[in-house]
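Residue numbers (the numbering used here), protein chains in the order written: chain L, 36 to 626; chain Z, 36 to 626.
Using N, Cα and C, we set each Cβ at its ideal position, and we do this for glycine too.
The block underneath contains the structure these notes are about, expressed in structure tokens.
Number of protein chains: 2
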Amino acid sequence: MPSYTAPTKDMQFILHDVLKLSQGTTPGYADLDRDFTAAILEEAGKIASEVLAPLNPVGDTEGCRLENGVVYTPPGFKAAFEQMKENGWPGIDMPEDFGGQGMPYVLGTAVGEFFSAANQAFTMYQGLTHGAASTILAHGTKAQKETYLHKMVACDWTGTMNLTEPHCGTDLGLMRTKAEPQADGSYKITGQKIFISAGEHDMAENIIHLVLAKIPGGPEGIKGVSLFIVPKFLVNEDGSLGPRNGVSCGKIEEKMGIHGNATCVMNYDGATGYLLGEAHKGMRAMFTMMNEARLGVGMQGVAQAEIAFQNALAYAKDRLQGRDITGVKNPEGPADPLIVHPDIRRNLMEQKSFVEGGRAFLLWGATLIDAAHRSGDTDADGLISLMTPVIKGFLTDKGFDMTVQAQQVYGGHGYIEEWGMSQYARDARIAMIYEGANGVQALDLVGRKLAQDGGKHVMAFFDMVKSFCKSAAETDGMGEFVEPLKRASKDLQTAGMYFMQEGMKNPNAALSGSYDFMHLFGHVCLGLMWARMAEAALAALAAGTDDPDFHRTKLATARFYMARQLPMTATHLARIQSGAEPVMALDAANF
Amino acid sequence: MPSYTAPTKDMQFILHDVLKLSQGTTPGYADLDRDFTAAILEEAGKIASEVLAPLNPVGDTEGCRLENGVVYTPPGFKAAFEQMKENGWPGIDMPEDFGGQGMPYVLGTAVGEFFSAANQAFTMYQGLTHGAASTILAHGTKAQKETYLHKMVACDWTGTMNLTEPHCGTDLGLMRTKAEPQADGSYKITGQKIFISAGEHDMAENIIHLVLAKIPGGPEGIKGVSLFIVPKFLVNEDGSLGPRNGVSCGKIEEKMGIHGNATCVMNYDGATGYLLGEAHKGMRAMFTMMNEARLGVGMQGVAQAEIAFQNALAYAKDRLQGRDITGVKNPEGPADPLIVHPDIRRNLMEQKSFVEGGRAFLLWGATLIDAAHRSGDTDADGLISLMTPVIKGFLTDKGFDMTVQAQQVYGGHGYIEEWGMSQYARDARIAMIYEGANGVQALDLVGRKLAQDGGKHVMAFFDMVKSFCKSAAETDGMGEFVEPLKRASKDLQTAGMYFMQEGMKNPNAALSGSYDFMHLFGHVCLGLMWARMAEAALAALAAGTDDPDFHRTKLATARFYMARQLPMTATHLARIQSGAEPVMALDAANF
């Protein structure tokens, strides 16, 4: 049976030795000292491994069930959800005014990784609620916030995001769902939405749907889309639940994975809705929350890779098969453990260096979100806006790949559902698709984010890498990490220049290389993270850490990333520089 | 609903324009002219798309069922199996003496791709039978051949291969299954085998299990393993079925995919078995058939990529979403089809260039097997032996990746089982594992095959590439294909040299790079295939082909492969040259 142990030590290393949280100037960060975060992470890790992880295969096997309009979640989910609520986890980084604990987003991200690793399908119920509540927080009226947020922060009521329709996903301008204005200021919502995660279930008293729809007579296309609050049960003035609204679940989808989460077809049949934010500005309201939501999905990539890696590692140490080619390592046993074999190590090191580098990247991104939201730091806001598609696209692509590699360590057992490795791969697969498929992330990065504010943010990124390299190079022992990072960063700059020069003449020259650019950027970011972790490890060793093995392992893993993963930037650059012609040459009919 | 159309035109191009089959000297090739293979491919394609493909989702959804020791295959499988038998497909490349059609293996591979693409789980029943029959053909006594082969060639009786036990997969020396000699010359087989594909089912009168077991008192480890024929029903002297043997299916595994194939736990409880080949030489007997079996698995990688690509392409042409950035392409519609977008094309071109290049690689490999078996060509035998791990490992890794990319074209719909794209990825996943996990293929390549016969075969490969480049460079228009191939081949040679030099000092220096070497080799082979296809396309265009679009498309796809895929060789080389240290640095305890 698979198991999960929260990587609290690694998380502490990143939060304190690398990001030096409590020395930060972001409001709330001074409280995040080592002991405080240790206590929080310890508690979160406990519930993740003891409560959520055992339910993960249950959710996969049992799935959700729709009967007479009611969706039943898998056995045990409801009790676990109650426990999460009682312990206040859903509101950890929500405002105290609405019952949250008001902690920084970076801490929510850290514990969120644990929950998501232990049980992605389960954690989505509160994740979606978080996203919906954040949207109401940012765009709702005072009355709307009062009506919904107390309950949503506590997860007594959960939330959803309704964007996709059968004929439109990425291109939401094609949307058909209608919102007809009523005399009392409300709207009647009519239409069908699909792929609605947590759209209907039995774990909350009420479900607050956020629904994109068009007000008749508004602008064509995406500029005519508005956002509405559509509660499953209407809410009376005193806050009690009123009559059932005209919204229902028509179907639960059969999916490749995340079976524990109900992915619903939602039918709106003249349902009462309330405008959230301005009319026709629905996309803007949705996008306010996109950086957070996409970072959350990137986190799922790392989280699934982490639990898959943990189990693959345990199996590699336990399973006896073959002998070490350089000499027997387990003479008492009939064979040596798998981990003696170089190719098994190659595989495990790829997983390990990805997971730890990706985790650092995510948490760094979360500190930028905190700086933007809590300190109004517009530079941080610009930088995280630039890097959001990289976090989402690169970390979910690689996260999925790593679950597949972890599965491979098990040989045939990896393919058998009983061992649990298949579920990690099947669950991780969705993260490459939802919240904007990864090809759309690449398009956002190259088509929009690179040139945003005159290219200011990407220049800031390069300056940051440059000044890091300059200062780090002065530390003894950092040369071996700084040099490959410099080379990789140069590849990224060269690719950026290519886009600027060629993209002016032909946008396809840039867009044909967008996916490679997203991955190139991701490698540079993980290279930067590994260099920063190496720097922190060297500092700890110099200061006489009481855990030298831990810090030496960081250095060895950093070396692996530099030697074995970062060279990928050269190939991405070569692909990019081949331009549009190889990609666009064929007529559609000749494919 | 997904669909499948057999790529007969592409297959004909490879067989005749590239491989020039009927001009070959291998016995049987002279008969394989264009019209003859066209007729065969047409018929095979018809049954694949009309009979097997519609059953593919049925097999996935319904799976197999074990009731009171009887395994029921999914609805429709049995009738389709009968139809395949009636049309003689299972024995197409088996000897006429035993009721086969005696055609070359290359033709069996060509039609096998169609069947496997249309329904991998179904096709495995006859694939396993083919493997078992081939083993009896190579190692059986005259009486054994007479007793089993007529029925097996017809698929009236099916076959299995029993290697794995719960505690041993790759390391078969740990095997516990026992074979105790009986007075009548037979053996009593006792033990448990797992992951036995087609181990029990309702489509054949009898099942002939080939079982590896140890005769007590024999040599330790892998040298004490023998191979046995263990029929489900014992066979009387007159060929009629006798009593049920002591072998039974204890369980069907729940797997990630290929649900239509029964993966069985097989319990041998003093079952009567007959030695096949020499005692204690069981592994040698098994390995005789390995090149074929592994090529067959590599084919599954290409086949699943093909059907996934076909459906992704159709969806990309059909689904309207967004507008072409260079100008509206579908002004009458609400949006342009997905295929106008550069990143969708990048994705589709990666699929297309892999599938067509991989198909050529496979068929070329099949001609080498024919040359080895039919002409006793030892050079061909050495070359295919070298390339077998590349065919198996590279084509199944990439094949799976391509099914994942095809799924991605569908966005959210790709994750919903109803659309069928998930099944291709789930089914393709197993090919990376069975017949030797891909890490073991890499080990076989670098640890064994490279140095085989003094490195003669890899030198022959390099000479072949070199002389191809030299002669092709004389053709107008070939320069753009020859140059990248030369560079890639040089990377491969450099990697080989590195292994020779460093591997002498430290075997881990070579083995740490084995996986990258396997992929590097695969890219060079596909580069060679694309250069050969380009040469054939240029020749056809020069000769005034009546289908210039087809041949120009080959040139454009070859250009894509050279520009966008082949540069990967540089990264593989860089990883290899970083040596063992980054991979092996950590103690197991510090992971």
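Which of the three DSSP states is assigned to residue i in this structure?
{"i": "G489(L)", "result": "helix"}
{"i": "I360(Z)", "result": "coil"}
{"i": "P519(L)", "result": "helix"}
{"i": "P372(L)", "result": "strand"}
{"i": "Y309(L)", "result": "strand"}
{"i": "Y303(L)", "result": "strand"}
{"i": "M36(Z)", "result": "coil"}
{"i": "N382(L)", "result": "helix"}
{"i": "Y222(L)", "result": "strand"}
{"i": "G252(L)", "result": "coil"}
{"i": "F230(L)", "result": "strand"}
{"i": "A624(Z)", "result": "helix"}
{"i": "G285(L)", "result": "strand"}
{"i": "E470(Z)", "result": "coil"}
{"i": "A214(L)", "result": "strand"}
{"i": "G295(L)", "result": "coil"}
Of all the options the options, which has the alpha carbon lying nearest to the alpha carbon of residue i?
{"i": "A495(Z)", "options": "V481(Z), G474(Z), D462(Z) and T413(Z)", "result": "T413(Z)"}
{"i": "H51(Z)", "options": "R567(Z), Q600(Z), N625(Z) and R594(Z)", "result": "R567(Z)"}
{"i": "T402(Z)", "options": "T40(Z), S57(Z), M36(Z) and Y39(Z)", "result": "S57(Z)"}
{"i": "W565(Z)", "options": "Y550(Z), D551(Z), G538(Z) and P519(Z)", "result": "P519(Z)"}
{"i": "H294(Z)", "options": "N382(Z), T438(Z), G98(Z) and L276(Z)", "result": "G98(Z)"}
{"i": "G446(Z)", "options": "H315(L), E327(L), Q476(L) and P278(L)", "result": "Q476(L)"}
{"i": "S524(L)", "options": "S506(L), H244(L) and K501(L)", "result": "K501(L)"}
{"i": "Y140(L)", "options": "K55(L), G562(L) and L398(L)", "result": "L398(L)"}
{"i": "I468(L)", "options": "Y450(Z), G455(Z) and Y459(Z)", "result": "Y450(Z)"}
{"i": "L373(Z)", "options": "R354(Z), E367(Z), Q386(Z) and L54(Z)", "result": "R354(Z)"}
{"i": "K213(L)", "options": "G305(L), S151(L), M301(L) and E148(L)", "result": "G305(L)"}
{"i": "A490(Z)", "options": "A466(Z), S420(Z), Y303(Z) and K505(Z)", "result": "For clarity, residue 490(Z) is Gly in the given sequence; the question names Ala instead. Among A466(Z), S420(Z), Y303(Z) and K505(Z), the Cα nearest to that of G490(Z) belongs to S420(Z)."}
{"i": "M210(Z)", "options": "N543(L), G357(L), S275(L) and I257(L)", "result": "G357(L)"}
{"i": "P201(L)", "options": "V444(L), M159(L), M619(L) and C299(L)", "result": "C299(L)"}
{"i": "I287(L)", "options": "F396(L), D273(L) and N302(L)", "result": "N302(L)"}
{"i": "K638(L)", "options": "L561(Z), E452(Z), F626(Z) and G274(Z)", "result": "Not covered by the structure: residue 638(L). The range shown for chain L is 36 to 626."}
{"i": "A571(Z)", "options": "A463(Z), F585(Z), M321(Z) and P110(Z)", "result": "F585(Z)"}
{"i": "H376(Z)", "options": "Y550(L), G111(L) and W124(L)", "result": "Y550(L)"}
Would you mind giving the Cβ-Cβ distance between residue i and residue j, rounded to the nearest angstrom? I have them listed as a contact below 8 Å.
{"i": "G474(L)", "j": "I379(Z)", "result": "7 Å"}
{"i": "L90(L)", "j": "A115(L)", "result": "6 Å"}
{"i": "H185(L)", "j": "L311(L)", "result": "The Cβ separation is near 17 Å, so there is no contact."}
{"i": "R409(L)", "j": "T195(L)", "result": "Their Cβ separation, rounded to whole angstroms, is 27 Å, which puts R409(L) and T195(L) out of contact at 8 Å."}
{"i": "R461(Z)", "j": "G331(Z)", "result": "About 19 Å separates the two Cβ atoms, so there is no contact after all."}
{"i": "F552(Z)", "j": "L621(Z)", "result": "Going by Cβ atoms, the distance from F552(Z) to L621(Z) rounds to 22 Å, so no, they are not a contact pair."}
{"i": "D511(L)", "j": "G417(L)", "result": "With a Cβ gap of about 34 Å, D511(L) and G417(L) do not count as contacting."}
{"i": "T592(L)", "j": "Q345(L)", "result": "Contact flag wrong, Cβ pair sits at about 15 Å."}
{"i": "I231(Z)", "j": "N197(Z)", "result": "6 Å"}
{"i": "I342(L)", "j": "A79(L)", "result": "In fact, because the Cβ distance is near 15 Å, the residues do not count as touching under 8 Å."}
{"i": "V444(Z)", "j": "N382(Z)", "result": "6 Å"}
{"i": "A297(Z)", "j": "E255(Z)", "result": "The pair is not a contact, with the Cβ atoms about 34 Å apart (cut-off 8 Å)."}
{"i": "G393(Z)", "j": "L430(Z)", "result": "5 Å"}
Checking contacts by CB at 8 Å: is residue i closer than that to chain A?
{"i": "G538(L)", "result": "Protein chains in the displayed structure are L and Z, and chain A is not among them."}
(Q) Which complete alpha helix (DSSP H) runs does the stretch 77 to 137 of chain L hold, if anything under 4 residues is left out? (A) Along the length of the stretch 77 to 137 of chain L, whole alpha helix (DSSP H) runs at least 4 residues long occupy 88 to 97 and 112 to 121, reported in chain order.
Q: Decide yes or no for the touch test of the stretch 600 to 611 of chain Z against the stretch 601 to 608 of chain L: beta carbon pairs closer than 8 Å, at least 3 of them.
A: Between the stretch 600 to 611 of chain Z and the stretch 601 to 608 of chain L there are three or more inter-stretch CB-CB distances shorter than 8 Å, so the stretches are counted as touching.
Q) For the stretch 244 to 260 of chain L against the stretch 327 to 342 of chain L, are there 3 or more C-beta pairs whose distance is under 8 Å? A) Using a C-beta cut-off of 8 Å, the stretch 244 to 260 of chain L makes no contact with the stretch 327 to 342 of chain L, since fewer than three inter-stretch Cβ pairs fall below that distance.
Q. Is there contact here, the stretch 253 to 267 of chain Z with the stretch 307 to 322 of chain Z, by at least three beta-carbon pairs under 8 Å?
A. Contact between the stretch 253 to 267 of chain Z and the stretch 307 to 322 of chain Z is present, because at least three Cβ pairs lie under 8 Å.
Q: Only counting runs of 4 or more residues, tell me where the alpha helix (DSSP H) segments fall wholly within the stretch 504 to 588 of chain Z, in order along the chain.
A: Listed in chain order, they are 514 to 540, 542 to 546 and 549 to 577.
**Q.** Sufficient close CB pairs (3 or more, under 8 Å) joining the stretch 422 to 429 of chain L to the stretch 149 to 164 of chain L
**A.** Under the 8 Å Cβ criterion, the stretch 422 to 429 of chain L does not count as touching the stretch 149 to 164 of chain L, having fewer than three qualifying pairs.
**Q.** Within the stretch 39 to 75 of chain L, ranges of the alpha helix (DSSP H) (whole runs, at least 4 residues)
**A.** Scanning the stretch 39 to 75 of chain L for uninterrupted alpha helix (DSSP H) segments of 4 residues or longer gives 43 to 47, listed from N- to C-terminal end.
Q: Check whether the stretch 574 to 581 of chain L touches the stretch 382 to 395 of chain Z, counting contact only when three or more Cβ pairs, one atom from each stretch, lie closer than 8 Å.
A: Segments in contact, no.
Q | Entirely enclosed alpha helix (DSSP H) segments - the stretch 401 to 481 of chain Z, minimum 4 residues | A | The stretch 401 to 481 of chain Z contains, as complete alpha helix (DSSP H) runs of 4+ residues, the segments 413 to 444, 456 to 466 and 473 to 479 (chain order).
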